[in-house]
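*Asks:*
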Amino acid sequence: MMTHMKTYKIFILTIMTGLVFSCSDSFLELTPQQSVSDTDALLDLDGYESSITGIYNKLSGAEYYGRYMIMIPDVLADDVKQNSQANRIVDYAEHIQRVSDGQALALWGSAYEGINAANAIINSETILADAVLDEQNHIVGEAYALRGLIYFDLVRMFAQQYNYTADASHLGVPIVLNFDLDNEPARSTVAEVYEQIISDMTTGISLMSDSSRSGNSNTLSPNATRALLAKVYLFKEDWNNAEAMASSVIESGDYNLISNDNYYDLWTTDNSAESIFEISMTETDNVGGNGIAGLYLQAGFGDYLPSNDVVDLYPENDARLSTFEVDPLLTGEFGPYRMIKYADINGFDNVKVVRLAEMYLIRAEARAEIGADIAGAQDDLDMVRQRAIADEPDNADTGDALKDAIFLERRLELAFEGQRLWDLMRNQMDIVRTNCTAQTCTIPYGADTVIMPIPQDETDVNPNIEQNPGY
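In my numbering, the protein residues as written are 89 to 559.
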């Protein structure tokens with residue numbers, strides 16, 4: 089496993105030793121001294137490298153991509169069912185989460201700590217020597233792109249999706265770009281948050297050199313940021329830009345789909361040829377059984393199982409069936425499958441944030457929606473489906489049938505990667521759990537519980553933060 093990003097771990101995001109983050113403080117008003125462990129951290133290139141590494145490390149925690157950012161959207165949706173003795177994030181699986189929910193507080197706090205750390209890099213007035221100026225600019229570009237990604241995550245988790253209102257004027261999350269001890273920001277609209285995300289990612293691309301600093305998909309490059317931006321445009325239903333960004337990544341030649349014969353290697357190999365951006369996970373993260381694998385595997389907590397109806401959608405010769413196994417200990421409505429995309433019980437599997445297959449599916453959807461290149465949309469869909477099913481004939485669907493085929497393929501290809509909820513909400517569809525082991529089996533589109541509550545610890549200290557409906 090590549091450990092470049094974890095060989096040192098200076099947490100600029102960790103609260104300084106001796107500082108107490110009291111219940112009267114907001115995560116939105118962290119000062120530089122609270123969010124940066126060394127006020128001189130950004131005086132040389134080593135300081136910049138340590139600081140940006142701290143943001144990546146923040147993303148890898150169990151409160152973020154190491155668990156909640158993937159698991160919570162999936163247990164809210166329909167591809168996952170509870171095991172008989174499920175005991176973790178069950179409130180989300182049952183859609184009965186509360187404002188005092190610790191998961192919401194952990195994710196909210198971790199995300200805004202990451203934003204504050206990115207702000208420190210972006211707003212630094214340090215100009216390093218010419219010999220390392222390109223490296224400094226690249227790191228600043230990463231900080232912009234990471235800030236954009238974090239806001240993208242926040243606005244999906246804590247606000248209804250972009251097309252929930254015609255002009256995306258519904259409440260999003262607070263935009264914090266500068267340190268201000270007295271800051272008590274209100275929530276910006278979803279449209280405003282997306283504008284900030286696009287601005288940050290676009291700026292990040294302009295500042296970075298052509299390849300990632302780590303030489304692999306553990307750190308952001310311009311193409312990795314374009315891939316993230318393609319997802320942003322997809323959610324925004326900006327089809328032309330979604331197609332353009334996905335095309336830029338696909339046509340770069342930097343990535344290749346893993347072959348049919350080696351499909352499962354995608355999940356056992358870090359930084360594969362298909363991976364565009366993934367979160368590095370190693371023993372130093374100490375996620376262990378609290379990671380994603382621990383919630384799925386029998387050797388861990390085993391709280392969650394793949395719904396039988398989604399497993400049944402895969403043809404018998406589909407290479408993606410390698411991501412499931414039969415567990416003879418599971419019986420009745422709970423049996424018989426377990427999902428093994430995340431196979432390392434110690435939580436050392438890197439978390440795939442975006443990969444090439446998704447770029448083909450984004451471009452296919454965008455082309456189908458635009459309607460000018462239906463053959464191209466069919467070809468993109470075939471790239472993903474024929475990789476998984478070697479003898480699959482070429483797709484000949486058009487119109488709504490093509491859109492439905494792409495929607496289905498997203499479900500099959502991206503299952504258990506934290507994507508299904510967003511696809512249902514983007515398409516304004518109800519959540520209907522067919523193989524349902526929860527007490528709540530149908531959740532209507534736009535229900536209050538498809539998003540997280542603003543943490544009570546935040547609303548208690550910031551009078552300008554409006555709580556989400558229903559909480």
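All C-beta atoms, glycine included, are put in the ideal place defined by N, C-alpha and C.
Quick check on DSSP: helix, strand or coil for residue 443?
*Replies:* Strand at residue 443.
*Asks:* Using DSSP with H/G/I as helix, E/B as strand and the rest coil, what is residue 126?
*Replies:* Only weak support exists for where residue 126 lies, its pLDDT of 40 falling under 50; the coordinates are left without a value.
*Asks:* Helix, strand or coil: how does DSSP classify residue 180 here?
*Replies:* Three-state DSSP puts residue 180 in a helix.
*Asks:* Report yes if the C-beta distance between residue 395 and residue 168 is below 8 Å; otherwise report no.
*Replies:* Closer than 8 Å, so yes.
*Asks:* Could you tell me whether the stretch 250 to 257 touches the stretch 192 to 208, using the rule of 3 or more Cβ pairs below 8 Å?
*Replies:* With the cut-off at 8 Å, the stretch 250 to 257 and the stretch 192 to 208 do not touch.
*Asks:* Pull up the DSSP beta-bridge partners for residue 425, would you.
*Replies:* Its beta-bridge partners are 414.
*Asks:* Quick check on the burial criterion: 16 or more other C-beta atoms within 10 angstroms. Buried or exposed for residue 301?
*Replies:* It counts as buried.
*Asks:* In whole angstroms, give me the CA-to-CA distance for residue 369 and residue 136.
*Replies:* Approximately 21 Å, taken between the alpha carbons.
*Asks:* Around the C-beta of residue 245, are 16 or more other C-beta atoms found within 10 angstroms, so that it is buried, or is it exposed?
*Replies:* Burial call: buried.
*Asks:* Consult DSSP for residue 277 and reduce its assignment to one of helix, strand or coil.
*Replies:* Reduced to three states, the DSSP call for residue 277 is strand.
*Asks:* With a threshold of 8 Å between beta carbons, is residue 487 in contact with chain D?
*Replies:* Although the question refers to chain D, the structure presented lacks it and comprises just one protein chain.
*Asks:* Please confirm whether residue 239 and residue 324 have their CB atoms less than 8 Å apart.
*Replies:* Not in contact: residue 239 and residue 324 (Cβ atoms no closer than 8 Å).
*Asks:* Determine the extent of the alpha helix (DSSP H) in which residue 310 is found, giving its start and end residues.
*Replies:* First-last of the alpha helix (DSSP H) with residue 310: 310 to 324.
*Asks:* Which runs of the alpha helix (DSSP H) fall wholly inside the stretch 335 to 385 and span at least 4 residues, in chain order?
*Replies:* DSSP runs (the alpha helix (DSSP H)) wholly in the stretch 335 to 385: 353 to 356, 380 to 384.
*Asks:* Closest by CA to residue 220, which one among 133, 179, 549?
*Replies:* Measuring from the Cα of residue 220, the nearest candidate turns out to be 133.
*Asks:* For a minimum of 4 consecutive residues, which ranges assigned as the alpha helix (DSSP H) are wholly contained in the stretch 143 to 178?
*Replies:* 156 to 164, all fully within the stretch 143 to 178.
*Asks:* Residue 265 to residue 496, Cα distance in whole Å?
*Replies:* The straight-line gap from Cα to Cα measures roughly 38 Å.
*Asks:* Restricting to Cα atoms, I'd like to know which of 352, 310, 235, 326 is closest to residue 342.
*Replies:* Closest by alpha carbon: 310.
*Asks:* List the residues that DSSP assigns as beta-bridge partners of residue 394.
*Replies:* Its beta-bridge partners are 168.
*Asks:* Helix or strand or just coil, what does DSSP make of residue 531?
*Replies:* Strand at residue 531.
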